[in-house]
Structures are given as structure tokens and as C-alpha cells.
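Peer 1:
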Amino acid sequence: PCPRSSSELALARVCVCAPACSMTFLRLCVTALLASLAAATRCLPSCGVRAAVCAPRVRVAASAALGEDGAAAAWYSDEADGAAAAEPAAASQQAAAAADAVDGAVPDTAPAAASPSELPTLPSEPAEPEGPPTQLLETSDLVNTRWELLVVPREEGWLPSDDFLAEVTLLADGSVVWGGAVGGPGTGGRWTLNGETLEIIRTTPLGLVSGRDYYMSNALAEVTSGLQLALRGVIRSYNAIYPVAVVADFVAVRQSGRFVRDSGED
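In our numbering, the protein residues as written are 43 to 308.
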């Protein structure tokens, strides 16, 4: 049954308004709670760096709100703020490096290879000659020339063991004139140039008994520091006692000038 008196009507209004006021207060509380959560969420970035920076500032704000003096809030300073910001940054870099390693990405720390145009250029230097200059002799280089010889006997030969000097003159008619230790009356011989081989034969007065010498050399002559031509060769010899054998080595150096046989005629 509905109330009829004024007191009953007032009590009914209070009963109806009380739940409505409670619902309005509850809505306001929920709205404030959601706003606080949104503000807190904005202070927490995904990387975690700003959260570490914001936390000390929240502590300072809370200390100020509680009325604490500077000494009580000394646990926070700018240095602590920088350290707190640096530690999450380093952790973030390590996490990024670990993620790259997991993905198979390797940081490129090797120095870049220099291009050919960037390489230093070395000064060009002439190659040093391996030996003295040489000259291949022709017949015109030998006609009417005199050569001084240094003869070095070999141990297995029958010539005297001491080195000795000799001379030979190559004449235009193919004959030779010997001098020095191998000259004297009755000596003679001839010379020929066959290709690159120069052969000079020395004959003796007694022929087969006293023997014959063959001076053999390559026609490729060396040019000395004094601009003279030099030949190197061997001496093959035999006589009535010893068979043909290589008995010595020699070096022949050409002397200046051209020579002819003196016939005694003006």
C-alpha cells in the first residue's frame, strides 16, 4: 500500500535518493582511479628508461607532500638521477645486441678494404742488372786483335800449379802469334769462329810429342768496367804422354788497337 501522510512521502524520497547518490559517488571514484592509472601508464615507456627516471621524482613529490625537509629527502640527487638513467640505457643496448645475435646479425667491426686507387704507390726503380753487360762477338771484332790471358791450371791436369800470363794475336789470315809463357820459336796455330764458339789452336815445335793445346771459349764476351771485352774459357790439351783432357781455365781480355804481322817490308 502507498503511504499517504507527508512524513511517509519524505521517507520514501530519502529511500529513493540514497541509492542514486551512492551510484554517483561510485562513478566519480572509478573515473578518478582510471585517470590515475592512465597517468601512471604514460610515465612507463616500453624501454624502461623513463620509468627509472620517473620513480625518484615520484619519491621527491611524495616527500614534499608529506612535509619532509631536504635532509629527509637526501636519498635522491641529480647524480642518482643520471646513474638511474644510464643503467637502463646500458641494459637496453645489451638487450639489443643479444637480439641481433639471436637473429644471426653480426656487427661489422672489420675495417673496410682499401680500393686499388687508395693503395700507396711505390716509386718505380730500375731493376739492377744480374751481371756485367755482354756482347756477342763477330769476326770483325776478332780480326787483328791481341788478347792477354790469365791461365789457371786445374788440379787434375799436368800443367804447373801456378797461374801464368800469356798473349795471343788473332790475324786476318786465320793464323795466330803466341807470346808470354806460351810463346817462343816454333809455336803457331790458327783460330776460327764457329757460330758462338771461338777456338784457338796452339801448335808446338815437336808436334805430337810436345802436344797441342785447344783454347775454347763462348763468343759472348763480357764488358769490363774499363770498357774492354773479356772472354772466359777452358784449355783442352794432349801430348805423347797424356791423353786429351781439360787442364786449365783462362780469362782473355782484349787489348786496345789492331795488329798485323811485320813482314820487314816498307
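A virtual CB, placed ideally from N, CA and C, is assigned to each residue, including glycine. Fair warning: this is a prediction, and the values are worked out from it, not measured in the lab.
Can you tell me the Cα-Cα spacing of residue 268 and residue 275, whole angstroms?
Peer 2: Reading the sequence shown from its first residue, position 226 is the one you call residue 268. Reading the sequence shown from its first residue, position 233 is the one you call residue 275. C-alpha separation (whole angstroms): 20 Å.
Peer 1: Mind checking residue 287: buried by the 16 CB within 10 Å criterion, or exposed?
Peer 2: The residue labelled residue 287 in the question sits at position 245 within the sequence shown. By the neighbour-count rule (16 or more Cβ atoms within 10 Å), residue 287 is not buried but exposed.
Peer 1: So, under 8 Å CB-CB, residue 243 and residue 254 are touching, yes? Tell me the CB distance rounded to an integer number of Å.
Peer 2: By 1-based counting over the sequence shown, the position of residue 243 is 201. By 1-based counting over the sequence shown, the position of residue 254 is 212. Their Cβ separation, rounded to whole angstroms, is 7 Å, which keeps residue 243 and residue 254 in contact under 8 Å.
Peer 1: Can you list, in chain order, the stretches of the beta strand (DSSP E) that have 3 or more residues and sit fully within the region 239 to 293?
Peer 2: 239 to 245, 254 to 260, 262 to 265 and 271 to 280
Peer 1: Smallest Cα separation from residue 282: which of 176, 230 and 200?
Peer 2: Residue numbering aside, residue 282 sits at position 240 when the sequence shown is read from its first letter. Measuring from the Cα of residue 282, the nearest candidate turns out to be 200.
Peer 1: Output yes or no for whether 8 Å exceeds the beta carbon distance between residue 293 and residue 261.
Peer 2: In the sequence shown, counting from the first residue as 1, residue 293 sits at position 251. In the sequence shown, counting from the first residue as 1, residue 261 sits at position 219. In this structure, residue 261 does not lie closer than 8 Å to residue 293 by Cβ.
Peer 1: Indicate whether the contact test is met: 3 or more Cβ pairs, each with one atom in the region 182 to 199 and one in the region 210 to 221, closer than 8 Å.
Peer 2: yes
Peer 1: Distance check for residue 303 and residue 216, CA to CA, integer angstroms please.
Peer 2: As a position in the sequence shown, residue 216 is number 174, starting the count at 1. As a position in the sequence shown, residue 303 is number 261, starting the count at 1. Roughly 12 Å between the two C-alpha positions.
Peer 1: In the structure shown, what three-state DSSP assignment does residue 298 receive?
Peer 2: Residue 298 sits at position 256 when you count from the first residue of the sequence shown. If DSSP states are grouped into helix, strand and coil, residue 298 belongs with coil.
Peer 1: Under a three-way DSSP split, which group does residue 211 fall into?
Peer 2: By one-based count along the sequence shown, residue 211 stands at place 169. Residue 211 falls in the strand class under three-state DSSP.
Peer 1: If you draw a straight line from the alpha carbon of residue 176 to that of residue 239, how long is it in whole angstroms?
Peer 2: Walking along the sequence shown from the start, residue 176 turns up at place 134. Walking along the sequence shown from the start, residue 239 turns up at place 197. Going from the Cα of residue 176 to the Cα of residue 239 covers about 15 Å.
Peer 1: For residue 263, which of 295, 248 and 236 has the nearest alpha-carbon?
Peer 2: Here residue 263 refers to the residue found at position 221 of the sequence shown. Answer by Cα proximity: 295.
Peer 1: Beta-carbon within less than 7 Å of residue 202's beta-carbon, same chain only, minus the 5 sequence neighbours each way: which residues are those?
Peer 2: On the sequence shown, residue 202 is found 160 positions in, with the first residue counted as 1. The residues are 195.
Peer 1: In whole angstroms, what separates the C-alpha of residue 227 from that of residue 173?
Peer 2: For this step, residue 227 is matched to residue 185 along the sequence shown. For this step, residue 173 is matched to residue 131 along the sequence shown. Taking the straight line joining both Cα atoms gives about 40 Å.
Peer 1: Buried or exposed: residue 182, going by 16 or more other Cβ atoms within 10 Å of its Cβ?
Peer 2: The residue given as residue 182 occupies position 140 in the sequence shown. Counting other Cβ atoms within 10 Å of its Cβ, residue 182 stays below 16 and is therefore classed as exposed.
Peer 1: Would residue 205 and residue 193 qualify as a contact pair, given that the criterion is a beta-carbon distance under 8 Å?
Peer 2: Your numbering for residue 205 matches position 163 in the sequence shown. Your numbering for residue 193 matches position 151 in the sequence shown. Judged by beta-carbon spacing, residue 193 lies within the 8 Å limit of residue 205, meaning their Cβ atoms are closer than that value.
Peer 1: Following the continuous beta strand (DSSP E) through residue 231, name the residue where it begins and the one where it ends.
Peer 2: Translated into the one-based positions of the sequence shown, residue 231 becomes position 189. Here the beta strand (DSSP E) through residue 231 covers 230 to 236.
Peer 1: Rounded to whole angstroms, what is the Cα-Cα separation between residue 301 and residue 266?
Peer 2: For the purposes of this step, residue 301 is identified with residue 259 of the sequence shown, where counting begins at 1. For the purposes of this step, residue 266 is identified with residue 224 of the sequence shown, where counting begins at 1. Their Cα atoms are separated by approximately 22 Å.
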